[in-house]
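See below for the structure under consideration.
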Amino acid sequence: MNDVRAKRIASFIEPLRVEPGSKVRLAKDFDPAFKAGVTKKREGRELLRAGVELLAEYQRRLAAEKTHGVLLCLQALDAGGKDGTIRHVMSGVNPQGVKVSSFKVPSAEELDHDYLWRYACRLPARGEIGIFNRSHYEEVLVVRVHPENLDRQHLPGASVGKDMWARRYREINDWERYLTDNGFAVVKLFLNLSWEQQRARFLKRIDVPERNWKFSAADIRERSFWKDYQHAFSEMLSATSKPWAPWYVIPADRKWFARLCAGAVLAHTLMELDPQYPRVSDEARDELRKARAELEAEEKPPTTAGGSRRA
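See the structure below:
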């Protein structure tokens, strides 16, 4: 049954995977409205519920085995659905085994270190799932679209040049290879939102009072850099989708389908790791048998010298 389930999930997410070594042209190669044959929202929600149960099962095994860890990186433009994806996909797992980190503008302390330092400080431990809501890829996305941010990083002159982005891609690839070699799976999801759908979500944030808090004038300013971001995402996906840490482009125009896809990719990763509950030693089994015998031999609860009394 597990083999059938694993094959079905692998087949479902295959069209979302960025083939390592391929040249990505985001607007042409990936459709934000793609539905993979899942035509009804109700069907998608039912599949997501099943996926959440599967994630819960494998998360328990991951925590018990305590050998591997999982790092889930979420990237998207504003209104891409990162928060909702985390909330829905992780709804059934034990919160003790999940750590979410959101990365905003770097602090003065963070700027005093190398650009990967603040991300390394928040990596998951073995047995945990760590989620980066925005990730180290901001350093080749936002910083690339807004190169003035480099001035705040206090880089030596030799580090800034035309080959800078190629070098950062290489450094990120090497870092992720290091993580995977040490037992930490790196799952990378780009929530691919269309121009039209982003506009609709911004308008909803403006028109619905309960969503006003989500909107910022900075969102509109960033929207004016749409083409620059599309180019930066395409370059990033091409350069950093590797066999040990491939990218998955998640169609994000339909939130329910994006959540289904994100859950499927994460479940696929955990099933490939196949964590197992630890085997109990013969000595420990003897102790278990003795404890069972003692419990079965008990006749009634102990009482105090004065008998039982109500609390």
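Read left to right, the sequence shown gives residues 1 to 311 (the UniProt record's numbering). Even for Gly, the Cβ is constructed at its ideal location relative to N, Cα and C. The structure displayed is predicted, hence computed values, not measured ones.
Beta-carbon proximity check, residue i vs residue j, cutoff 8 Å
{"i": "G183", "j": "T269", "result": "no"}
{"i": "P251", "j": "A262", "result": "no"}
{"i": "E139", "j": "R177", "result": "no"}
{"i": "A239", "j": "L141", "result": "no"}
{"i": "L72", "j": "G127", "result": "no"}
{"i": "P275", "j": "E53", "result": "no"}
{"i": "P20", "j": "K242", "result": "yes"}
{"i": "K41", "j": "W213", "result": "no"}
{"i": "P106", "j": "V70", "result": "no"}
{"i": "V145", "j": "D228", "result": "yes"}
{"i": "L111", "j": "H154", "result": "yes"}
{"i": "W226", "j": "W195", "result": "yes"}
Residue span of the alpha helix (DSSP H) that contains residue i, given as start and end
{"i": "A76", "result": "Counting along the chain, A76 falls outside any alpha helix (DSSP H), though it belongs to the beta strand (DSSP E) covering G69 to A76."}
{"i": "F257", "result": "K255 to L273"}
{"i": "V89", "result": "K82 to V89"}
{"i": "V105", "result": "First-last for V105: undefined, no H or E at that position."}
{"i": "F202", "result": "W195 to D207"}
{"i": "Y58", "result": "K41 to E65"}
{"i": "S238", "result": "W226 to T240"}
{"i": "W175", "result": "M164 to D181"}
{"i": "W117", "result": "W117 to A120"}
{"i": "F145", "result": "Contrary to the premise, residue 145 reads as Val rather than Phe in this sequence. V142 to V145 is the extent of the alpha helix (DSSP H) around V145."}
{"i": "E294", "result": "D282 to A297"}
{"i": "R223", "result": "A217 to R223"}
{"i": "A27", "result": "L26 to D29"}
Cβ neighbour criterion (16 or more within 10 Å) applied to residue i
{"i": "Y119", "result": "buried"}
{"i": "E296", "result": "exposed"}
{"i": "K82", "result": "buried"}
{"i": "T85", "result": "buried"}
{"i": "P32", "result": "buried"}
{"i": "V208", "result": "exposed"}
{"i": "A185", "result": "buried"}
{"i": "E235", "result": "buried"}
{"i": "Y277", "result": "exposed"}
{"i": "L288", "result": "exposed"}
{"i": "E298", "result": "exposed"}
{"i": "V280", "result": "exposed"}
{"i": "K104", "result": "exposed"}
Neighbourhood of residue i by C-beta distance below 6 Å, restricted to the same chain and skipping five residues each side
{"i": "D219", "result": "D78"}
{"i": "H88", "result": "R259"}
{"i": "M1", "result": "Confidence in M1 is poor, its pLDDT being 46 and thus under 50, which makes the residue's placement unreliable; the coordinate value appears in the next sentence. Within the same chain, M1 has no close Cβ partners at all."}
{"i": "W244", "result": "R177 and T180"}
{"i": "N94", "result": "none"}
{"i": "Q197", "result": "D253"}
{"i": "P301", "result": "none"}
{"i": "S224", "result": "none"}
Nonlocal neighbours in the same chain, by C-beta distance under 8 Å from residue i, ignoring five residues either side
{"i": "R122", "result": "K99, S101, G130 and F132"}
{"i": "L237", "result": "V18, V24, L26, F190, W247 and V249"}
{"i": "residue 317", "result": "What is shown of the chain runs 1 to 311, which leaves residue 317 out entirely."}
{"i": "I13", "result": "Y248, C261, A264, V265 and H268"}
{"i": "L150", "result": "V143 and V160"}
{"i": "L48", "result": "H88, V89, W256, R259, L260 and G263"}
{"i": "V38", "result": "G44, L47, F257 and L260"}
Integer Cβ distance of residue i from residue j, believed to fall under 8 Å
{"i": "N75", "j": "R170", "result": "It should be pointed out that residue 75 corresponds to Gln in this sequence rather than to Asn. Not confirmed; about 19 Å, so no contact."}
{"i": "R199", "j": "R205", "result": "That belief does not hold up - the Cβ atoms of R199 and R205 are roughly 11 Å apart, past 8 Å."}
Limits of the unbroken beta strand (DSSP E) element including residue i
{"i": "L189", "result": "F184 to N192"}
{"i": "V249", "result": "W247 to P251"}
{"i": "N133", "result": "I129 to N133"}
7 Å CB neighbourhood of residue i in its chain, flanking five on each side removed
{"i": "M90", "result": "V98"}
{"i": "L116", "result": "H136 and W175"}
{"i": "L193", "result": "P32, A76, L77, A79, G80, A252 and D253"}
{"i": "N173", "result": "T240 and K242"}
{"i": "E222", "result": "D78"}
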